[in-house]
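Trainee:
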Amino acid sequence: MTESRTIPNGGRAATCPYAPAPELYEAQKDDELHRVTVPNPLLGEFEAVSVTRYDDVKSALADDQLRMGGSMPYQAGNLLSYDGPEHTRLRRMLTGSFTTKRARELRPQIEDVVASSLDALEEAGPGADLVEVFCTPIPTLVICELLGVPYTDREDFQRRTKVALDFSVSREVQMEKAAEMEAYMATLVASHRDQPGDNVLGRVVHDFGDQLSDSELAGIGNMLLIAGHETIASTLSASIALLLQNPDQLAVVRDDPTATDGAVEELLRYIAPAAILPRQASGNMCVRDQEIKEGERVVASVLAANRDPESTEQDLDLDRLDVRRPPHRHLTFGFGPHQCLGQQLARMELRVALPALFTRFPTLRSAVPHDELDYRTNALVFGVNTLPVTW
Amino acid sequence: MNVEVDEGKCVASGNCAAFAPAVFDQRDDDGTVILLDATPPESEYERVREAHPRCPAAAIVLHENPPVRGA
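Going line by line, the protein sequences match chains A and B.
Residues in the first sequence are numbered from 0 upward in steps of one, following numbering that gives the first Met the number 0.
Residues in the second sequence are numbered from 0 upward in steps of one, following numbering that gives the first Met the number 0.
1) Would you tell me roughly how many angstroms separate the C-alpha atoms of Asp28(B) and Val367(A), rounded to the nearest one?
2) I'd like to confirm the pairing. Which residues does DSSP put opposite Phe23(B) in its beta bridges?
3) For Ile6(A) versus Val50(A), is the C-beta spacing smaller than 8 Å?
4) What is the DSSP secondary structure of Ser275(A), reduced to helix, strand or coil?
5) In chain order, what residues of the same chain have a beta carbon less than 8 Å from the beta carbon of Arg11(A), not counting five sequence neighbours either side?
6) Is it the case that the Cβ atoms of Arg66(A) and Arg287(A) are separated by a distance below 8 Å?
7) Residues in its own chain within less than 7 Å of Asp128(A) by CB, not counting five upstream and five downstream?
8) Could you check whether Val47(B) and Pro39(B) sit closer than 8 Å to each other, using their CB atoms as the reference points?
9) If we call anything under 8 Å between Cβ atoms a contact, is Ala19(B) one with Glu43(B)?
10) Kindly say whether Gly7(B), judged by its beta-carbon, lies nearer than 8 Å to any beta-carbon of chain A.
11) For the candidate residues His369(A), Leu146(A), Val168(A) and Ala13(A), whose alpha-carbon lies nearest to that of Thr186(A)?
12) Go ahead and pull the three-state DSSP assignment for His62(B).
13) Just checking, does the region 27–47 of chain A make contact with the region 69–76 of chain A on the three C-beta pairs under 8 Å criterion?
14) Within the same chain, show all residues whose beta-carbon is closer than 7 Å to that of Ala11(B), passing over the 5 residues directly before and after it, in chain order.
15) Can you list the beta strand (DSSP E) stretches of 3 or more residues lying completely in the region 64–115 of chain A, in chain order?
16) Arg192(A) and Ala258(A) look like a contact to me (Cβ under 8 Å); what is the Cβ gap, rounded to whole Å?
17) So, helix, strand or coil for Ala70(B), using DSSP?
18) Do Gln244(A) and His337(A) count as a contact pair if the criterion is CB distance below 8 Å?
19) What is the DSSP secondary structure of Tyr17(A), reduced to helix, strand or coil?
20) Looking at the C-beta of Lys100(A), does it have a partner C-beta in chain B at a distance below 8 Å?
21) Could you check where the beta strand (DSSP E) with Ala299(A) kicks off and where it finishes?
22) Would a C-beta distance cut-off of 8 Å place Asn321(A) and Arg306(A) closer than the cut-off?
23) Would you call the region 162–176 of chain A and the region 108–118 of chain A touching, i.e. three or more CB-CB distances under 8 Å?
24) CB of Met284(A) to nearest heavy atom of the ligand GTP: below 7 Å?
25) Rounded to whole angstroms, what is the Cα-Cα separation between Leu117(A) and Pro361(A)?
26) Could you name the residues of chain A that Asp29(B) contacts, counting a contact when the two beta carbons are closer than 7 Å?
27) Below 9 Å on C-beta distance, what does Glu49(B) contact in chain A?
28) Buried or exposed: where does Val37(A) fall if 16 or more other Cβ atoms within 10 Å of its Cβ makes it buried?
29) Within the continuous beta strand (DSSP E) that includes Gly261(A), where are the two ends?
30) Out of curiosity, what's the CA-to-CA distance linking Gly282(A) and Leu344(A)?
31) Does DSSP put Arg391(A) in a helix, in a strand, or in coil?
32) Beta-carbon within less than 6 Å of Leu200(A)'s beta-carbon, same chain only, minus the 5 sequence neighbours each way: which residues are those?
33) Pair every Cβ in the region 169–182 of chain A with every Cβ in the region 259–270 of chain A, then say whether three or more of these pairs are closer than 8 Å.
34) With DSSP run on the structure shown, which of helix, strand or coil describes Arg319(A)?
35) Tell whether a beta-carbon distance below 8 Å holds between Pro354(A) and Val252(A).
36) Check the C-beta distance from Val297(A) over to Ala280(A) and give it rounded, since I have them as a contact under 8 Å.
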C-alpha cells in the first residue's frame with residue numbers, strides 16, 4: 000500500500016491549472032487505488048481513497064453505498080445534505096423543472112440575459128473584466144429567473160451574491176451578506192406562498208408547498224443559487240480564456256452553429272470546474288476488485304477521469320482541448336443519484352453565451368498575457384478570478 | 000436495435016433526451032424518462048449509443064443486433 004500523499008485542495012497541478020495534480024495522474028496508472036490526504040475547509044485534512052479512472056469513478060459515484068458524508072455544510076433543502084430515499088424524495092420535487100424541455104423553454108430568457116451583459120460589456124469598454132461584467136452576471140440573472148426575483152430587486156440580488164460568495168472579503172462581511180441573502184430568500188418564498196410564480200421556485204411551492212417547510216424552500220433557493228452560479232461563471236471564464244488562447248477553436252465556436260453543442264461538451268470535459276468530489280462509504284463497497292471499507296472517505300477525481308486514456312479505444316489525446324472532436328464522454332457533472340440537477344440548463348447557458356460573446360466582439364483578446372491570468376485553483380470550484388479583455 | 004428503459008432506476012438527469020431526443024423524452028412533472036421509440040431507425044443508432052453510457056442510473060439497456068425469431 001503506497002503511503003498517503005497530500006493533493007492540493009482543488010486537485011489541480013500547480014504549474015498548469017487545467018491539468019489534474021500529478022499525484023492523480025500517477026494514481027490513474029496504478030491498478031491499486033491510492034490513498035491521498037486532502038485539505039477541506041469543513042473537515043480539516045482528511046485521508047481518502049482516490050478514484051481516478053473513468054470507469055472506476057462512474058462505478059463509485061453510482062454505488063448505493065457511496066454517500067455525501069458531511070463534506071458539505073448541512074442546509075435544509077440543499078440536495079447535497081441528503082442521501083438515499085430522503086434525497087430521492089426531495090430531488091423528485093425538482094427534476095421536472097430541470098428537464099431538457101425546460102432548458103429549451105428558458106432559452107429566450109437566457110438570450111436576453113446574455114444580450115444585456117454584452118451591452119454592459121460594450122459600455123464598460125476595452126479593459127473591462129469579463130468575469131465581473133459577463134461571466135458572473137449571466138448565471139446570477141438566470142437564477143433570478145428561476146427563483147422569480149422581481150426585476151427591481153435584481154441589482155441588489157447580484158450585489159449581495161457577489162459579496163456573500165467572495166472569499167476575499169472578511170468573514171464578518173461575508174456572513175452579514177449571507178444573512179441578508181437568507182432573509183431575502185425567505186421573502187421570495189413568502190411571496191410564492193402567497194402567489195406562486197411561473198418559475199422553478201413558484202412551481203415547487205405550488206406543487207409541493209404542503210410537504211416542504213419555509214426553511215426547506217429557502218434552502219432550495221439557496222442551493223440553486225450556489226450550485227448554479229460559481230460553476231457556470233467559472234466554466235464561462237475558463238472557456239473564454241482557453242478559446243482566446245486557441246483562436247482556431249474560438250473561430251469554430253463563433254462561426255459554426257452546428258459545432259456549438261460538441262464544443263461545449265469538450266469545454267466541460269476539459270475544464271471540469273469541480274475537479275474532485277468528496278464522498279464517504281456508508282458501507283463496505285468495491286471499486287473494481289478493491290474494497291473500500293465502511294466509513295472510509297473517497298475522492299472521485301472527475302478531472303483526471305475526464306482525461307483517462309483508457310476511456311477510449313481510439314488514440315485520442317485527452318489532455319488536449321479540441322472543440323472539433325466528437326463529444327467525448329465526461330464526468331464533469333458527476334454521476335449517480337447526485338449528478339448535477341442543473342446540467343441541461345448549464346449546457347444551454349454555455350451554448351448561448353459563448354457564441355454570442357465572440358460574435359458581438361469578433362476582435363476580442365485578452366488584455367493580459369495568458370501566462371499571467373489569475374486562476375483560482377485552491378477553492379472547491381476552479382475558475383478565473385479576473386479576465387481583462389480588449390477589442 | 001432494441002431499447003429498454005428501467006423507469007424505477009431513472010433519476011431524471013435528462014442526458015438520454017439531451018443526446019437522443021428522437022428516442023427519449025422526459026415527463027413534464029418529474030422529468031423521468033419516456034421511451035419514444037423502442038426500435039429506433041439506424042439513423043438514430045449513434046445518438047442512442049452516445050446516450051446509453053451517459054445515463055447516471057444505468058437505466059437504459061441496449062440490445063444490438065437482436066436475434067430474429069425463427070431465423
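Every residue, glycine too, gets a C-beta built ideally from N, C-alpha and C.
Mentor: In brief:
1) 48 Å
2) Leu34(B)
3) no
4) The question names Ser, but residue 275(A) in the sequence shown is Ile. Of the three classes helix, strand and coil, the one that applies to Ile275(A) here is strand, per DSSP.
5) Tyr17, Ala18, Pro19, Ala20, Ala274, Leu302, Thr376 and Phe381
6) no
7) Thr385, Leu386 and Pro387
8) yes
9) yes
10) no
11) Leu146(A)
12) strand
13) yes
14) Gln25, Asp29, Gly30 and Thr31
15) none
16) Not a contact, Cβ separation roughly 45 Å.
17) With a pLDDT of 45 at Ala70(B), under the threshold of 50, the modelled position of this residue cannot be trusted, and the question is left open.
18) no
19) coil
20) yes
21) Arg296 to Ser300
22) The question names Asn, but residue 321(A) in the sequence shown is Asp. Not in contact: Asp321(A) and Arg306(A) (Cβ atoms no closer than 8 Å).
23) no
24) Ligands in the displayed structure: none, and consequently the ligand GTP is not present.
25) 13 Å
26) Arg91, Thr94 and Gly95
27) Pro325, Pro326 and Arg328
28) buried
29) Careful: Gly261(A) lies outside any beta strand (DSSP E), inside the alpha helix (DSSP H) at Thr259 to Ile270.
30) 34 Å
31) In this structure chain A extends from 0 to 390, so residue 391(A) is not present and cannot be described.
32) Leu146, Gly147, His191 and Gly220
33) no
34) coil
35) yes
36) 6 Å
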